Amino acid sequence: MYCGRRRTTPTEPPCCIAGHYASWRWRFTLETYRATQGISVKAGYLAVETHQERPGLVRLTLTPEPPHTSAQPPGDRRVRYVARFNDGDAALMHTHEILRWRLLDLQTRIYRVAFERAIAAVDALDLKHRGIYLDPALSDTARAAIAATKQRFINARRRKDRLFELAGYLGIALLLLNLYALSLT
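Residues 533 to 717, numbered by the working numbering, are exactly what the sequence shown covers, in order.
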């Protein structure tokens with residue numbers, strides 16, 4: 533059965549048959565469209581690393597496999613936190629959005645920030661993720677600082693969301709007021 537409505541893009545679902553969304557043809561079309569547009573969602577592990585020779589600097593790494601954290605040498609490089617994200621690139625982008633004013637080197641993703649703040653920024657993301665590893669050598673004060681900073685990031689994001697929601701409601705109210713004013717004339 534064909535309803536007569538044309539799709540403008542391959543990402544627009546068909547409208548005529550309710551069960552047609554999960555058909556193989558629709559999935560193939562969507563995957564082909566994403567492949568031609570360069571759109572791909574890949575799971576990844578976002579890690580926060582520190583280096584003994586560079587105190588006060590952290591490095592964010594995104595890898596398809598979890599980094600080795602079982603036997604960390606007490607030497608130079610140390611993995612402080614690892615989280616698995618369903619979309620690793622989006623996680624890296626959102627973390628950069630939080631830490632953007634502290635960026636030192638874009639290519640190597642080095643930021644001048646305390647590692648507690650970087651861990652809190654990664655953990656506070658509103659993306660589906662799971663914390664895999666937290667450095668067991670962290671003190672209780674560092675863990676408390678991470679929790680407090682994470683809560684500050686979450687509260688700031690909620691305030692920003694409420695502000696944009698309020699702006700949307702004000703826009704709708706102005707449109708309705710304009711519609712009402714024009715209908716009186």
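Idealized CB from N, CA, C, for every residue including glycine. All of these numbers come straight from a predicted model, not from anything done at the bench.
For this session: Mind the definition here: the segment 637 to 650 touches the segment 688 to 699 only if three or more C-beta pairs lie below 8 Å; say whether that holds.
Result: Result no; under three Cβ-Cβ pairs closer than 8 Å.
Problem set entry | Same chain, Cβ closer than 6 Å to Tyr-665, neighbours up to 5 away in sequence not counted | Translated into the one-based positions of the sequence shown, residue 665 becomes position 133. The answer, listed in chain order, is Thr-601, Val-614.
Exercise. Among residues of its own chain, excluding the 5 on either side of Lys-574, which ones have a beta-carbon nearer than 8 Å to its beta-carbon?
Worked result: Taking the first residue of the sequence shown as 1, we reach residue 574 at position 42. Within the same chain, Lys-574 has close Cβ partners Pro-596, Asp-619, Gly-620, Asp-621.
Exercise. So Leu-589 is in the alpha helix (DSSP H); what residue range does that whole segment cover?
Worked result: Residue numbering aside, residue 589 sits at position 57 when the sequence shown is read from its first letter. Segment 586 to 595 is the beta strand (DSSP E) holding Leu-589; no alpha helix (DSSP H) there.
Exercise. Val-645 by DSSP, collapsed to three states: which one?
Worked result: Taking the sequence shown and counting its residues from 1, the one referred to as residue 645 is at position 113. Three-state result, Val-645: coil.
Exercise. Do Leu-624 and Leu-578 have their C-beta atoms within less than 8 Å of each other?
Worked result: Translated into the one-based positions of the sequence shown, residue 624 becomes position 92. Translated into the one-based positions of the sequence shown, residue 578 becomes position 46. Against a cut-off of 8 Å, the Cβ pair of Leu-578 and Leu-624 comes out as a contact.
For this session: Less than 8 Å between the CB atoms is what I'm expecting for Thr-593 and Phe-647, so what's the real figure, rounded?
Result: Stepping through the sequence shown from its first residue, residue 593 is reached at position 61. Stepping through the sequence shown from its first residue, residue 647 is reached at position 115. Not a contact, Cβ separation roughly 13 Å.
Exercise. Where does the unbroken beta strand (DSSP E) through Asp-621 begin, and where does it stop?
Worked result: If you number the sequence shown from 1, residue 621 lands on position 89. Unbroken run through Asp-621 is the alpha helix (DSSP H), 620 to 631; no beta strand (DSSP E).
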